[in-house]
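Below: one structure, written as structure tokens.
Residue numbers (our numbering), protein chains in the order written: chain A, 14 to 206; chain B, 14 to 417.
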């Protein structure tokens, strides 16, 4: 079974490819949806095409599936329309799958399930990464606010942090919000740093 | 009790009525918590609607007909009780290609028939078949482009290459030389003109003066089961549409749409379609077309069944569906004037007395029979002066010479 993954995100495509390899599929190709990707895909004559639901290139792909003379059999989204739970899970995960007509659903279902799991895992990694990034930038803001307090009020680092935390608690805000406000005020007052 | 509704949309100027309904309180006043889901392809918008991730969608009118007839992936009966706009499209072509056309663009746009013939000649001068981007096979844009090209004997399936790509990728594709021009909803044509990549060749409003564009589509079963939610939303949209049409709100609306969570393009580009002041070539003064895009006036939202049937006739004409009376009936039934009437029964919105009309028969503003208030329909003629009688589809189709 030849599986083509069309994805703007090289990382997600690799995560999916790796999973499929582990599951024993060995005819897997990754095609980024750029330039003449449709002609490349046509030559590959895939049995299953997996694509990110959020990709703007889906209309281009579907048009090819509609008009292509090179593809012997029609390709439809989701092989088993009666399996609503599967379709729901795929759409929630952001997976769209196109499958050639005649491929038995028992053969396709594991591929689709795997794609859903990998897409979900990737989304989780991505959101953890975003969280880590924002935690890092929060830290920088707090550090800067601390050093303003340390300079202006001759406090130790510990006391500067305690002051920020108390202010945040009293105002019902996050420490990073108070720190940001302090930096802005300091900038406006020409406090430098 | 507040009703939560999720509606999918694509980043286009003609999502305006939905955006205004959410952002300017019209939905809230009707007890609707409107959640707008930004989507980047028509395929994904269709899937979100068909598989129930959203209740409604800002949909290409021909796509709603096509999904119902089973022509676009999973068949599902859809129902469109409301038109979100008419007009608003523009065909732009690379400046090099446009050199073979009438150089004074105001004249070019005013005479679509002459321009179609110039375009046919320009194809011969081009170094290869021109590649024209369309946003979807089942779009008002593609249908109008086909209609316009065919009038000059150009076979859109043989003499040019129609390439499907979503509106948000059109400018990039022009830049990369993957397409020689495209037809799309605003602000994408203006964005290509502004970038110096293209100039206007035709505007939708001059091909069909009241061209059906986006509808609000629901799954038919959901529509039947949720009359209260549908009626409240339609009442909110009618008021939002009147607000959008009012020139006093143009700046506010353009700025709203410009936001990253909506169209994410500069407000001054979006404002062009709203005001009808179209810059057809970079650096030139705007050409004013007051009817470039309509939201509320002239009962624009009213879903005339005859318009769904006109769309159907075009799908038949291009061999996308085989004609038979039962299929025609199903296509016509996608537009739901009955629901529109029910929702706005107690409002002061002028309501057409009929559900079908001759399309293309109104040459100048015409007062028509209305159950309430005064209703004047604007000119709705086609550039080739054809008239579509929804009762005589076969006769209408027979009037087109076979191209092949």
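Don't be surprised by glycine CBs; every beta carbon is placed ideally from N, CA and C.
- A Cβ-Cβ contact shorter than 8 Å links residue 193 of chain B with residue 107 of chain B.
- Residue range 69-73 is occupied by the beta strand (DSSP E) that includes residue 69 of chain B.
- Considering only beta carbons, no part of the region 204-234 of chain B lies closer than 7 Å to chain A.
- At the C-beta level, residue 200 of chain B and residue 278 of chain B come within 8 Å of one another.
- Taking a beta-carbon distance threshold of 8 Å, residue 177 of chain B counts as an interface residue toward chain A.
- Cβ atoms of residue 24 of chain B and residue 181 of chain B come within 8 Å of each other, at about 6 Å.
- Out of B/354, B/61, B/299, B/157, the CA that lies nearest to the CA of residue 207 of chain B is found in B/299.
- With fewer than 16 other Cβ atoms from the protein chains shown falling within 10 Å of its own Cβ, residue 34 of chain A counts as exposed.
- For residue 14 of chain A, the secondary structure class from DSSP, reduced to helix, strand or coil, is coil.
- By the criterion of a C-beta distance shorter than 8 Å, residue 24 of chain A is surrounded in its chain by 135, once the five residues flanking it on both sides are discounted.
- A Cβ of chain B is located within less than 8 Å of the beta carbon of residue 90 of chain A.
- Chain A places no beta carbon closer than 8 Å to that of residue 327 of chain B, leaving this residue out of the contacts.
- In the assembly as shown, residue 232 of chain B is a buried residue. Its beta-carbon has 16 or more other beta-carbons within 10 Å.
- Apart from sequence neighbours up to five positions away, no residue of its chain approaches residue 296 of chain B with a beta-carbon distance below 7 Å.
- Under the three-state reduction of DSSP output, residue 336 of chain B falls in the coil class, being neither helix nor strand.
- If you ignore the 5 residues before and after residue 396 of chain B, its C-beta comes within less than 7 Å of the C-beta of 125, 126, 219, 220, all in its own chain and listed in chain order.
- Note that the C-beta distance between residue 339 of chain B and residue 325 of chain B is not below 8 Å.
- Between the region 40-51 of chain A and the region 106-120 of chain A, the count of C-beta pairs closer than 8 Å stays below three; the two stretches do not touch.
- By DSSP's assignment, residue 50 of chain B forms a beta bridge with B/21.
- With respect to chain B, the C-beta atom of residue 71 of chain A has a partner C-beta closer than 8 Å.
- One finds 150, 177 in chain B with Cβ atoms closer than 7 Å to the Cβ of residue 76 of chain A, taken in chain order.
- Contact with chain B is absent for residue 139 of chain A, since none of that chain's Cβ atoms lies less than 8 Å from the residue's Cβ.
- Contact fails between the region 41-51 of chain B and the region 86-96 of chain B, because fewer than three Cβ pairs, one in each stretch, are under 8 Å apart.
- Rounded to whole angstroms, residue 151 of chain B and residue 198 of chain B show a C-alpha spacing of 14 Å.
- Annotated three-state conformation of residue 389 of chain B is strand, per DSSP.
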